[in-house]
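S.K.:
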Ligand SMILES: Cc1ncc(C[n+]2csc(CCOP(=O)(O)OP(=O)(O)O)c2C)c(N)n1
Ligand SMILES: Cc1ncc(C[n+]2csc(CCOP(=O)(O)OP(=O)(O)O)c2C)c(N)n1
Ligand SMILES: [Mg+2]
Ligand SMILES: [Mg+2]
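Chains as they are written, first to last, in this note's numbering: chain A, 1 to 320; chain B, 1 to 320; chain C, 1 to 329; chain D, 1 to 329.
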């Protein structure tokens, strides 16, 4: 399995993590300039989760995402320019500007949509997995969700049903310790999300979400299990968000120092970058960094240059 | 604890089980005569569950029930005549005939209502428990539910929340192996409902629901724990229904022989009766049997003699 | 034409479409031993092995999963045993299924049909008797069918199953055993948004939905005997609504009475009445009248239950009031 | 009178009633660190120790638990962060809370208020912008308030908290920072079913709800400059509705325009229009006109979002159309 982790691949992971972070920073910055109308939930700090999981998927596999979905889209293969255009509300955006940050979707690469409802991703992914199973198309589906979403009843309903039906499903919890302003100890009486798995007779694995290789390997194992017809796997990735819950979060529930500490000690990109450099896979990485910066700059320019949708778009894409 | 189980009390349990069975048989019979309009879900076979649990409660404690609720009402102290009148749709019924079998409630004895929605009892009972905790009124609340209800998301939501809040709540699953026509192996991927408890950091106890003493003891322990402020307990009572799911169930999912076998080997009343007789607590029991028959006959007569509600009742008991 | 029941007509639509679309699946509770709600799919387990997905009592997961399957494949039918239970999966219906096509800028297709029995039955009270079509019809992105006859049930369901937008398919419990002529034709498709004129008349237009169509027809018989010629219009789908047929009738008769079983306040009957009043004000000889259930939960006891839903007599009574005095004998 | 914001008025109602009823509790997500949705309860944790019940993201359990607590104690407030999330707890709201008093033959009392922000905000799109009051108002047993001013928010919420029937209390997100005069009086109670005449006029009655009241008032200013005198009526509660005030106004003006932010089809605006048309047909000089949101999910991008809700200009335009020609300059 580790054979898959060629140097090219590892550098690709690093690049994709950089891309996600650069995209998020640009989005937050553009938002602060008033260029983005709706709310943003930055994925900064969690990059290795999306990259490790989606790295183990094909572009045909499905992903159902959350309100914090930009990272999943990028890792699954969506284009930054059309994503940024979506945030800017432009017609060139993935959803013609109608969805915005909360609803970015790119069906062409299996990204079935971010979602504004906490706990909605489980069943949508399970359904994609059900279709994959029935049509025997060799795909799997991933439901991303946060620690806060685990206490929605849909977790229980879907996990039980998916296990009964042995669906090719990966349930991926990104446990960043917070649901909006509540610490997980205030929302979950259990200590570990992964512990819930045994009740549903599926494997439950808790791992350091910052370790992109470990995430990739766990996802690969889960995917193989899914394709073998053995059913879902629950992965709990211990991670952290470097920003507030959304653009306007004053973060009264944690100190600035604790966030600085997180950024210093728990940066999934910095740690991985050191590793790659030590292993001399990366060189100085500047060419990649420059390419990423250019990609983001181009995405912003593309978004800015794009037109807003015509008024008639109000009435398209809906049965009437 | 077992001190509480005086002979009088044990005989009382037996009598209440008889009362429930006699009520259910009368109801089914009256229904077959066309005297009862709505559907019925008979509690026959599960009597020891309601009696054991409610035997451990005070009349101030709360119970939230299910579609199969007659037994809970009787065990909690509701009057048979007003219950039968409710089934008959008469104005003397607990709900003036407006609720029918699915909604019998007797708030005066803490019975907060049968319920037509599977999985609705959890949170209602949790709320009664929350109020008890906050107003420190020394009460507990019981949520009754079936094996089929365990897969509703409300189970997960409420159990997690109730454990977090350490509510004085008893979660009582009457596992009769079937959810309508589906065997529990088709609805629950887990083998035992009680196993779910550990995830929520509450005790989970599986026991023979036919053993009314064991049920009483488990409920007593759970009630003490609840009142001590230690939170909910999940009790799984292994039981069986002797009838179909509801009046019209052809029972294609099990053989008549298997039901006969259940009636022969798993009758909670017969077994207990033998015990009491062997212990010479009961004599021949005929006086009690006669009293129960008379009570049921009187209930039917009361129902039959009662008037239907006036047309104006259509508009009462609702804000307008 | 051969006559079959509403239930058989639905069953026929389902099995024909299952045969036609090898990727179609059906999900729901109790599907295999019981055939699902009201025994609709008896033997489907043997007929369509692997494509009848029996589920736990987990309606939110049922509809959410059905949606995910529909977005990536389909057609998918999700059966909800009683429409009152839709309350536990409204997010999946309303925030997810209804909106994903729009929110994704047109990327999603959602060949999903949620079939569910609605309306009054026999004493099953407030949590098993509701008619909540006004909720679904209020939501852009959903289509809502309420067939009143076996033929319409078959034809509308087949159309629903060939569409790419989510459909809420509402079947009245008291219609399941009603018989009527139904084309055997596998291509018997009834378009959405196309009302049927269930009876033509000249004095008064009665627009009725679902079970109320039969009450309206019964009333029209009585009225005819009194010399009042009522036209009865069945919209068949309440979203979209066929305004053309309704308006044409009102223009002809000058009088409109709208009848539905739902609680009148906030109902589709009110929507229809408001729209007629707004768009065809000048055609009206008098106010658009409405009949619906009174503003109370459904009671169980038979006498009150009967009072809690509109009757043919109610229709007759209001229709008489609507006619000019000389007519009212 | 001192002026405070809509948010402060609601906060004041909550804290006054918390002080008044020692058994009152408030449940919801994020209550303690964040003060709950839109920061409503900041510092309530310290003010009311033990009575602010912070919960996981489990709306069905929140409302169900709040109901159980209300049935046995109360008053109880359940806060749902955005009204769109009510879709995940509609069983608890509609099948349980709304019906238990009736189903139990009057045994239950349900002092429960579900507070929830509704309506459009800034680009938060289809799952965070809905106005679903028509759903709740359609359900017998629920009461539904939609305060349009800080004073009404305070007065209606206090009334809701002293009642024994469940109330859905809908607060428009764009009103939270709007200021207005609010009585300091702890007994400032506004009864349900009692409309306010926000502006009197003689030519035309505009019935508007929630945020649309301000749009209607803005429109009325413009119309006044053109010599059209519009009366603006704010029902304040949409269930029950104050028909007397509405009918009296229509009798005076002969013209009615109903405006709400909800999707027009199946809306309360339609209910009001249908009822005026039915009950006051003879008072009308022309059709009752309606304005509501077009039949599309809410888009995120600002231009389309703006088009997706009614504006003051829409009100002006339709009002002009309603006036006899000579008036239309
Ligand atoms: C059903 C529902 N309830 C509440 C919310 C409001 N909300 C949005 S994000 C969020 C926190 C989610 O926390 P988590 O699942 O841990 O994801 P994270 O934000 O940490 O990525 C909440 C409460 C919602 N969108 N949907
Ligand atoms: C939410 C919901 N889904 C489905 C039903 C239909 N239904 C009524 S009872 C029942 C089976 C319940 O099984 P279980 O919980 O085991 O209780 P039992 O009947 O065995 O006592 C079902 C599916 C319902 N009432 N509510
Ligand atoms: Mg989190
Ligand atoms: Mg069972």
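The beta carbon of each residue, even a glycine, is placed where N, CA and C say it ideally should be.
Quick check on the DSSP output: the beta strand (DSSP E) that includes residue 179 (chain C) runs from which residue to which?
M.R.: Translated into the one-based positions of the third chain, residue 179 (chain C) becomes position 179. Unbroken beta strand (DSSP E) run through residue 179 (chain C): 179-181.
S.K.: Flag residue 25 (chain D) as yes if its beta-carbon sits less than 8 Å from any beta-carbon of chain B, otherwise no.
M.R.: Here residue 25 (chain D) refers to the residue found at position 25 when the fourth chain is read from its first residue. Yes, residue 25 (chain D) counts as interfacial toward chain B.
S.K.: What did DSSP end up calling residue 329 (chain C) once you bin it into helix, strand or coil?
M.R.: Against the third chain, residue 329 (chain C) aligns to sequence position 329. Because residue 329 (chain C) sits at a pLDDT of 46, beneath the cut-off of 50, its placement in the model cannot be relied upon, and the following sentence gives the value as read from the coordinates. Here residue 329 (chain C) sits in coil by DSSP.
S.K.: Determine the extent of the beta strand (DSSP E) in which residue 172 (chain C) is found, giving its start and end residues.
M.R.: By 1-based counting over the third chain, the position of residue 172 (chain C) is 172. Note, residue 172 (chain C): beta strand (DSSP E), 167-172.
S.K.: Take residue 126 (chain B) and list the residues in its own chain whose beta-carbon comes closer than 6 Å to its own, dropping the five residues that flank it on each side.
M.R.: One-based indexing of the second chain puts residue 126 (chain B) at position 126. Correct list, in chain order: 158, 162, 167, 169.
S.K.: Would you mind telling me which residues of chain B sit closer than 8 Å to residue 60 (chain C), beta carbon to beta carbon, in chain order?
M.R.: Position 60 of the third chain, counted from the first residue, corresponds to residue 60 (chain C). The contacting residues are 153.
S.K.: Which residue comes first and which comes last in the beta strand (DSSP E) that contains residue 125 (chain D)?
M.R.: Translated into positions along the fourth chain, residue 125 (chain D) becomes position 125. Taken as a continuous stretch (DSSP letters only), residue 125 (chain D) belongs to no beta strand (DSSP E), as it is neither H nor E.
S.K.: For the structure I just gave you, are there three or more beta carbon pairs, one from the region 9-26 of chain D and one from the region 145-159 of chain D, closer than 8 Å?
M.R.: yes
S.K.: How long is the line joining the alpha carbons of residue 329 (chain C) and residue 201 (chain D), rounded to whole angstroms?
M.R.: Locating residue 329 (chain C) in the third chain gives position 329, counting from the first residue. Locating residue 201 (chain D) in the fourth chain gives position 201, counting from the first residue. Low confidence applies here, because residue 329 (chain C) scores a pLDDT of 46, under 50, leaving its location unreliable and the question unanswered by this model.
S.K.: Taking the alpha helix (DSSP H) that residue 272 (chain B) falls in, what are its first and last residues?
M.R.: What you label residue 272 (chain B) is simply residue 272 of the second chain in a count that begins at 1. Start and end: 268-278.
S.K.: Which first and last residues belong to the beta strand (DSSP E) in which residue 26 (chain D) is found?
M.R.: Numbered from its first residue, the fourth chain carries residue 26 (chain D) at position 26. Here the beta strand (DSSP E) through residue 26 (chain D) covers 25-29.
S.K.: Excluding five sequence neighbours on each side, which residues of the same chain lie with their C-beta closer than 7 Å to the C-beta of residue 83 (chain C)?
M.R.: What you label residue 83 (chain C) is simply residue 83 of the third chain in a count that begins at 1. Closer than 7 Å at the Cβ level, and outside the excluded window around residue 83 (chain C), lie 116, 117, 118, 130, 132, 170.
S.K.: Is residue 29 (chain B) buried or exposed, if buried means 16 or more other CB atoms sit within 10 Å of its CB?
M.R.: As a working mapping, residue 29 (chain B) is identified with position 29 in the second chain. Burial call: exposed.
S.K.: So, using beta-carbon positions, are residue 261 (chain C) and residue 223 (chain C) closer together than 8 Å?
M.R.: The sequence position of residue 261 (chain C) within the third chain is 261, counting from 1. The sequence position of residue 223 (chain C) within the third chain is 223, counting from 1. No; because the gap between Cβ atoms is not below 8 Å, this pair is not in contact.
S.K.: Per DSSP, which residues does residue 173 (chain B) bridge with? Please list them.
M.R.: Position 173 of the second chain, counted from the first residue, corresponds to residue 173 (chain B). Partner(s): B:145, B:236.
S.K.: Of all the options D:220, D:97, D:110, which has the alpha carbon lying nearest to the alpha carbon of residue 319 (chain D)?
M.R.: By one-based count along the fourth chain, residue 319 (chain D) stands at place 319. Per the Cα distances, D:220.
S.K.: Return yes when the C-beta of residue 75 (chain A) is under 7 Å from any heavy atom of ligand 6, and no when it is not.
M.R.: In terms of ligand content, the structure shown lacks ligand 6 and carries ligand 1, ligand 2, ligand 3 and ligand 4 instead.
S.K.: Tell me, which residues are paired with residue 204 (chain C) by DSSP?
M.R.: As a position in the third chain, residue 204 (chain C) is number 204, starting the count at 1. Residue pairing from DSSP places residue 204 (chain C) in a beta bridge opposite C:230.
S.K.: Quick check: the Cα distance between residue 63 (chain D) and residue 147 (chain A), rounded to an integer number of angstroms?
M.R.: Along the fourth chain, read from residue 1 onward, the residue named residue 63 (chain D) stands at position 63. Along the first chain, read from residue 1 onward, the residue named residue 147 (chain A) stands at position 147. Those two C-alpha atoms are separated by around 21 Å.
S.K.: Which residue's Cα is closest to the Cα of residue 174 (chain B): B:154, B:205, B:38, B:253?
M.R.: As a first step, residue 174 (chain B) is located in the second chain; it is residue number 174 there, counting from the start. When only C-alpha atoms are compared, the closest one is B:205.
S.K.: Kindly provide the ranges of any alpha helix (DSSP H) runs that are 4 or more residues long and lie completely inside the region 288-316 of chain D, ordered along the chain.
M.R.: Counting only runs of 4+ residues, the alpha helix (DSSP H) found wholly inside the region 288-316 of chain D occupies 302-307, in chain order.
S.K.: Could you tell me which chain A residues have their CB closer than 7 Å to the CB of residue 195 (chain B), listed as they occur along the chain?
M.R.: Position 195 of the second chain, counted from the start, is the residue given in the question as residue 195 (chain B). Neighbours of residue 195 (chain B) on chain A, chain order: 199.
S.K.: With DSSP run on the structure shown, which of helix, strand or coil describes residue 257 (chain C)?
M.R.: Locating residue 257 (chain C) in the third chain gives position 257, where the first residue counts as 1. Shown here, residue 257 (chain C) sits in a strand according to DSSP, grouped into three states.
S.K.: Taking CB distances under 8 Å as the criterion, tell me whether residue 327 (chain B) reaches chain D.
M.R.: With chain B covering 1 to 320 only, the question about residue 327 (chain B) has no answer from this structure.
S.K.: Assuming residue 87 (chain A) and residue 172 (chain A) form a contact by the criterion Cβ under 8 Å, report the distance between their Cβ atoms to the nearest whole angstrom.
M.R.: In the first chain, counting from the first residue as 1, residue 87 (chain A) sits at position 87. In the first chain, counting from the first residue as 1, residue 172 (chain A) sits at position 172. With a Cβ gap of about 24 Å, residue 87 (chain A) and residue 172 (chain A) do not count as contacting.
S.K.: Verify whether the separation of the beta carbon atoms of residue 317 (chain A) and residue 74 (chain C) is less than 8 Å.
M.R.: For the purposes of this step, residue 317 (chain A) is taken as residue 317 along the first chain, with counting starting at 1. For the purposes of this step, residue 74 (chain C) is taken as residue 74 along the third chain, with counting starting at 1. Contact flag unset, no.
S.K.: Counting along the chain, where does the beta strand (DSSP E) carrying residue 237 (chain C) start and finish?
M.R.: As a first step, residue 237 (chain C) is located in the third chain; it is residue number 237 there, counting from the start. Segment 237-239, the beta strand (DSSP E) holding residue 237 (chain C).
S.K.: Along chain D, in chain order, which residues have C-beta atoms closer than 7 Å to that of residue 118 (chain A)?
M.R.: As a first step, residue 118 (chain A) is located in the first chain; it is residue number 118 there, counting from the start. The contacting residues are 57.
S.K.: Within 8 Å (strictly less), CB to CB, does residue 17 (chain D) reach chain B?
M.R.: Taking the fourth chain and counting its residues from 1, the one referred to as residue 17 (chain D) is at position 17. For residue 17 (chain D), the answer is no, since every Cβ of chain B falls outside 8 Å of its Cβ.
S.K.: Can you pull out the residues from the region 108-136 of chain C whose beta carbon lies closer than 8 Å to at least one beta carbon of chain B?
M.R.: 122, 123, 124, 125, 126, 127, 128
S.K.: Quick one: which unbroken beta strand (DSSP E) runs of 3-plus residues sit fully inside the region 179-238 of chain B? Chain order, please.
M.R.: 204-208, 233-238
S.K.: Less than 7 Å between C-beta atoms, sequence neighbours within five positions excluded: which residues of the same chain meet that for residue 7 (chain B)?
M.R.: Taking the first residue of the second chain as position 1, residue 7 (chain B) is located at position 7. Closer than 7 Å at the Cβ level, and outside the excluded window around residue 7 (chain B), lie 281.
S.K.: Could you check where the alpha helix (DSSP H) with residue 264 (chain B) kicks off and where it finishes?
M.R.: Here residue 264 (chain B) corresponds to residue number 264 of the second chain, with the count starting at 1. That run of the alpha helix (DSSP H) goes 256-265.
S.K.: Just the Cα atoms here: how many angstroms apart are residue 92 (chain B) and residue 41 (chain B)?
M.R.: Counting from one through the second chain, the residue named residue 92 (chain B) turns up at place 92. Counting from one through the second chain, the residue named residue 41 (chain B) turns up at place 41. In a straight line, the C-alpha of residue 92 (chain B) is about 21 Å away from that of residue 41 (chain B).
S.K.: Taking only three categories from DSSP, how would you classify residue 140 (chain B)?
M.R.: Walking along the second chain from the start, residue 140 (chain B) turns up at place 140. Coil at residue 140 (chain B), not helix or strand.
S.K.: From the DSSP output, which residues share a beta bridge with residue 196 (chain C)?
M.R.: What you label residue 196 (chain C) is simply residue 196 of the third chain in a count that begins at 1. In the DSSP output, where bridge partners are listed per residue, residue 196 (chain C) has C:234.
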